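I have placed the structure first, in the form of C-alpha cells, so that the comments after it can refer back to it.
Number of protein chains: 2
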Amino acid sequence: MEIDFFQTIYNHPLLRKEDYEEISKAHTKIEFAHGTMLLEKGKIAGEFYVIEKGLFRSFLYDYNGNEITTEFYCPKEILIESFSLFQRIPSKENFQAISDGTAWKIEYDTFQELLHKVEGFREWGRTWATNQLFVLKQRSIDVVTISATDRYLNLIKERPQIILQSPLKYIASYLGITDTSLSRIRKEISTG
Amino acid sequence: MEIDFFQTIYNHPLLRKEDYEEISKAHTKIEFAHGTMLLEKGKIAGEFYVIEKGLFRSFLYDYNGNEITTEFYCPKEILIESFSLFQRIPSKENFQAISDGTAWKIEYDTFQELLHKVEGFREWGRTWATNQLFVLKQRSIDVVTISATDRYLNLIKERPQIILQSPLKYIASYLGITDTSLSRIRKEISTG
DNA sequence: AAATACACTTGCCCTATGGCAAGAAATGCT
DNA sequence: AGCATTTCTTGCCATAGGGCAAGTGTATTT
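Chains as they are written, first to last, in this note's numbering: chain A, 2 to 193; chain B, 2 to 193.
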C-alpha cells in the first residue's frame with residue numbers, strides 16, 4: 002500500500018515502520034466527483050479524510066444567508082470537522098469537493114482503535130491538534146491585521162493551487178468580501 | 002493557601018488532593034493596577050496567569066492602525082498567550098489590565114516542572130488546549146453567522162461583567178465595529 | 001470647587017463595499 | 001459544432017458603517 006504517502010502525512014518521531022503498516026491498513030481509498038458533499042451541517046461526522054488529489058472546501062451561511070467559504074483543503078491535508086468526529090456533535094459546517102478528487106478515509110471506529118493501539122499515532126494527533134489551534138489563531142489575527150488585497154496576494158504566493166482551481170466566489174468569501182469586490186481587486190493588482 | 006480556588010480552576014479527575022497542594026504552591030499572588038501591561042507584542046511570555054479579580058483584555062492593531070480588542074479575561078479564567086509561553090516565540094498580541102485586579106501567576110520554569118511531575122496537571126492542560134480550539138473555532142463562526150447587534154446581546158447575557166466594567170470602545174472593537182456604531186446599536190436596542 | 005481627563009452620544013458627511021444586472025468569456029455537454 | 005451553463009467583469013446606484021467633531025456627562029485629581 003501507499004506507505005510512503007502515509008509516512009509523509011503522519012510524520013512523528015515515535016512512529017516506526019510497523020506502525021505505518023498498521024496505519025496504512027486502516028485507510029480506504031475513496032473518489033469524489035466535483036460538487037459532492039462530504040459532510041453536511043447538523044450531521045455527525047463518521048470519517049476522517051486525507052486528501053490525495055483535488056480541492057475541497059468547508060463553508061457555512063452568514064447572517065444574511067450568503068455562503069461563506071471557511072477553509073480550503075489541498076492534497077496531503079487532513080479534512081475533518083474534528084469536534085463533530087471526536088465529540089460526536091453535529092457538524093457546524095458543510096464540506097464539499099470543488100473538483101474531482103481522491104482521498105483516503107478512516108472510519109470513526111477504526112480511528113479510535115488506532116489511537117488506542119498506536120502511541121505514536123496518538124502523539125501525532127495531539128501535535129496536529131496543537132497545530133490546528135496555532136493556524137486558526139493566526140488566521141483570526143490575519144483577518145484584522147492584513148487587508149483583503151494583501152491576504153489575496155498571500156494566498157497566490159502560498160497556496161496557488163487554490164487560485165487556479167477554485168471559482169472566484171469561493172475565494173472572495175474566504176477573504177471576507179464579495180466576488181464583485183475581488184474582481185475589482187484583481188483589476189487593481191494587474192493594472193498596478 | 003487557596004486550595005479551593007485552585008480546585009475549581011484545575012478541575013480534572015486525575016488530580017488528587019496532594020496534587021492540588023503542589024499546584025497551589027506553584028502560584029504567586031500578583032496585583033495589577035488599571036492599565037498595566039502584562040505582556041506586549043513581540044516579547045516572549047514568561048508567566049502563566051489565573052485571574053482572581055478584575056478585568057483584562059488582549060488587543061492588537063489592525064491594518065489601519067486601530068486598536069482591536071481580541072478577548073476579555075474575567076475572574077477564574079486563564080490568561081496566557083499559549084504559543085508565546087510554550088513555544089518561546091514572540092507574542093502576537095498585547096495583554097492589559099482594564100481594571101485594578103489580582104491574579105495568581107506561575108513562572109515558566111515552575112510550570113514546566115508541574116507539567117512534568119503531575120500527570121493530572123498535564124492532562125488538565127491538554128483538555129484546556131482542546132477547549133481553547135473549540136472556543137476559538139466557535140468564535141470565528143459566530144463572527145460571520147451572527148450580526149454585531151446579536152453578538153452584543155449575547156455578550157450582555159453571557160458575560161455581563163464585561164459590559165459593566167469595560168469602556169465601550171473595547172467592546173466595540175471586540176465586536177468588529179467602532180464605538181460610534183455600538184453607541185447607535187445601544188440606542189436601537191433601548192428604543193425598540 | 002475647579003480643572004482635567006475620559007466616556008458616551010449624536011449629527012453631518014463621506015467612502016468603501018454590496019446588490020443588481022448586463023455583457024463577455026470560458027467551460028462543459030450533447 | 002452549437003447550445004447551455006457557469007464564471008468573471010464592469011457600470012450604476014444604494015447603503016451601512018466609519019471619520020470627525022461638538023456637546024454632554026461622569027470620574028478623578030489637586
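Beta carbons are placed, not taken as given, at the ideal position from N, Cα and C, and that holds for glycine. Predicted model, so just to flag it, every value in this text is computed and none were measured.
*Could you tell me whether the Cβ atoms of A:Phe33 and A:Gly102 are closer together than 8 Å?*
Position 32 of the first sequence, counted from the start, is the residue given in the question as residue 33 of chain A. Position 101 of the first sequence, counted from the start, is the residue given in the question as residue 102 of chain A. A contact, by the Cβ cut-off of 8 Å.
*Can you give me the Cβ contacts of B:Arg185 inside the same chain, cut-off strictly under 7 Å, excluding the 5 residues immediately before and after it?*
Walking along the second sequence from the start, residue 185 of chain B turns up at place 184. Sequence-distant Cβ neighbours of B:Arg185 in its own chain, meaning closer than 7 Å and more than five residues away, do not exist here.
*Starting from A:Ser85 and walking both ways along the alpha helix (DSSP H), at which residues does that stretch end?*
Here the question's residue 85 of chain A lines up with position 84 in the first sequence. Note, A:Ser85: alpha helix (DSSP H), Ser83 to Gln88.
*asked:* Please report the distance separating the alpha-carbon of B:Gly126 from that of B:Gln113.
replied: Counted from its first residue, the second sequence places residue 126 of chain B at position 125. Counted from its first residue, the second sequence places residue 113 of chain B at position 112. Answer to the nearest angstrom: the Cα atoms are 11 Å apart.
*What residue ranges within the segment 104–151 of chain B form continuous beta strand (DSSP E) runs of no fewer than 3 residues, ordered along the chain?*
none
*asked:* Looking at the secondary structure, which residues open and close the beta strand (DSSP E) in which B:Ala98 lies?
replied: Taking the second sequence and counting its residues from 1, one reaches residue 98 of chain B at position 97. From DSSP, the beta strand (DSSP E) with B:Ala98 extends over Asn95 to Ala98.
*Is the beta carbon of B:Gly177 sitting closer than 8 Å to the one on B:His13?*
Stepping through the second sequence from its first residue, residue 177 of chain B is reached at position 176. Stepping through the second sequence from its first residue, residue 13 of chain B is reached at position 12. Taking 8 Å as the Cβ cut-off, B:Gly177 and B:His13 do not qualify as a contacting pair.
*Completely contained beta strand (DSSP E) runs for the segment 7–76 of chain B, where each covers 3 or more residues*: You should have 29–33, 38–40, 48–54, 57–62 and 68–74.
*asked:* On the DSSP letters alone, give me the boundaries of the alpha helix (DSSP H) that B:Ser174 sits inside.
replied: Indexing the second sequence from 1 puts residue 174 of chain B at position 173. Note, B:Ser174: alpha helix (DSSP H), Leu169 to Leu176.
*Would you tell me roughly how many angstroms separate the C-alpha atoms of B:Tyr153 and A:Ile142, rounded to the nearest one?*
Stepping through the second sequence from its first residue, residue 153 of chain B is reached at position 152. Stepping through the first sequence from its first residue, residue 142 of chain A is reached at position 141. Cα to Cα, B:Tyr153 sits roughly 21 Å from A:Ile142.
*Measure the C-alpha to C-alpha separation of B:Gln166 and B:Glu82 and round it to an integer number of angstroms.*
In the second sequence, the residue the question calls residue 166 of chain B occupies position 165. In the second sequence, the residue the question calls residue 82 of chain B occupies position 81. If I take the Cα positions, the gap works out to 23 Å.
*Residues of its chain near A:Arg160, where Cβ-Cβ distance is below 8 Å and the 5 sequence neighbours each way are ignored*: As a first step, residue 160 of chain A must be located in the first sequence, where it is residue number 159. Phe73 and Cys75, listed in sequence order.
*Let me know if B:Lys106 comes out buried or exposed under the rule of 16 or more other beta-carbons within 10 Å of its beta-carbon.*
In the second sequence, the residue the question calls residue 106 of chain B occupies position 105. Result: buried.
*Can you find at least 3 beta carbon pairs, one from the segment 36–48 of chain B and one from the segment 90–98 of chain B, that sit closer than 8 Å?*
Cβ pair count under 8 Å is three or more, so yes.
*Exposed or buried, what is B:Thr9 when buried is set at 16 or more other beta-carbons lying within 10 Å of its beta-carbon?*
To locate residue 9 of chain B, count along the second sequence from 1; it is residue 8. With fewer than 16 other Cβ atoms within 10 Å, it is exposed.
*Select from the segment 123–143 of chain B all residues with a C-beta closer than 8 Å to any C-beta belonging to chain A, and list them in chain order.*
Arg127, Ala130, Thr131, Gln133, Leu134, Phe135, Leu137, Lys138, Gln139, Arg140, Ser141 and Ile142
*At what residues does the alpha helix (DSSP H) containing A:Pro161 begin and finish?*
Here residue 161 of chain A refers to the residue found at position 160 of the first sequence. That run of the alpha helix (DSSP H) goes Pro161 to Gln166.
_Could you check whether the Cβ of A:Val119 sits closer than 8 Å to any Cβ belonging to chain B?_
Looking up residue 119 of chain A in the first sequence gives position 118. It does not: the Cβ of A:Val119 has no partner Cβ on chain B nearer than 8 Å.
_Assuming B:Thr70 and B:Ser174 are in contact, meaning their beta carbons sit under 8 Å apart, how far apart are those beta carbons, in whole angstroms?_
Within the second sequence, the letter at position 69 stands for residue 70 of chain B. Within the second sequence, the letter at position 173 stands for residue 174 of chain B. Between B:Thr70 and B:Ser174, the beta carbon gap of about 5 Å places them in contact (Cβ cut-off 8 Å).
_Straight-line gap, B:Lys54 to B:Asp151 (C-alpha atoms, nearest Å)_ = Locating residue 54 of chain B in the second sequence gives position 53, where the first residue counts as 1. Locating residue 151 of chain B in the second sequence gives position 150, where the first residue counts as 1. Whole-angstrom Cα-Cα distance: 28 Å.
*Do A:Phe84 and B:Phe135 come within 8 Å of each other at the CB atom, strictly closer than that value?*
Here residue 135 of chain B corresponds to residue number 134 of the second sequence, with the count starting at 1. Here residue 84 of chain A corresponds to residue number 83 of the first sequence, with the count starting at 1. Yes, these two residues count as a Cβ contact at 8 Å.
_I'd like to know whether the C-beta atoms of A:Ile79 and A:Tyr171 end up nearer to each other than 8 Å._
Here residue 79 of chain A corresponds to residue number 78 of the first sequence, with the count starting at 1. Here residue 171 of chain A corresponds to residue number 170 of the first sequence, with the count starting at 1. Their beta carbons are not under 8 Å apart, which means A:Ile79 does not touch A:Tyr171 by this criterion.
*A:Glu68 versus A:Asp180, A:Ile24, A:Asp20 and A:Glu3, residue with shortest Cα-Cα distance*: Within the first sequence, residue 68 of chain A is the residue found at index 67, counting from 1. Nearest C-alpha to A:Glu68 among A:Asp180, A:Ile24, A:Asp20 and A:Glu3: A:Asp180.
_B:Leu40 beta carbon less than 8 Å from that of B:Phe87_ = Sequence index remark: in the second sequence, residue 87 of chain B carries index 86 (1-based). Sequence index remark: in the second sequence, residue 40 of chain B carries index 39 (1-based). No, the Cβ-Cβ distance between B:Phe87 and B:Leu40 is not below 8 Å.
*So, does the CB of B:Asp180 fall closer than 8 Å to a CB anywhere in chain A?*
The count along the second sequence starts at 1 and reaches residue 180 of chain B at position 179. B:Asp180 does not count as touching chain A.
*My understanding is that B:Ala104 touches B:Val51, with C-beta atoms under 8 Å, so please give their C-beta distance in whole angstroms.*
The residue you call residue 104 of chain B lines up with position 103 of the second sequence. The residue you call residue 51 of chain B lines up with position 50 of the second sequence. Yes, they are in contact, since the Cβ atoms of B:Ala104 and B:Val51 sit about 6 Å apart, within 8 Å.
*If you draw a straight line from the alpha carbon of B:His117 to that of A:Arg58, how long is it in whole angstroms?*
Translated into positions along the second sequence, residue 117 of chain B becomes position 116. Translated into positions along the first sequence, residue 58 of chain A becomes position 57. So the alpha carbons of these two residues sit roughly 39 Å apart.
*Report the rounded CA-to-CA distance for B:Asp110 versus B:Ala27, giving the unit in angstroms.*
Translated into positions along the second sequence, residue 110 of chain B becomes position 109. Translated into positions along the second sequence, residue 27 of chain B becomes position 26. In a straight line, the C-alpha of B:Asp110 is about 10 Å away from that of B:Ala27.
*For B:Leu56, which residues of its own chain have a beta-carbon under 8 Å away from its beta-carbon, when the five flanking residues on both sides are left out?*
On the second sequence, position 55 is the one that residue 56 of chain B refers to. Within the same chain, B:Leu56 has close Cβ partners Phe73, Tyr74, Cys75, Ala98, Ile99, Ser100, Gly102, Gln162, Ile163, Gln166 and Ser167.
*8 Å Cβ cutoff, B:Ile157 in contact with chain A*: On the second sequence, position 156 is the one that residue 157 of chain B refers to. No, B:Ile157 lies away from the interface with chain A (no Cβ there is under 8 Å from its Cβ).
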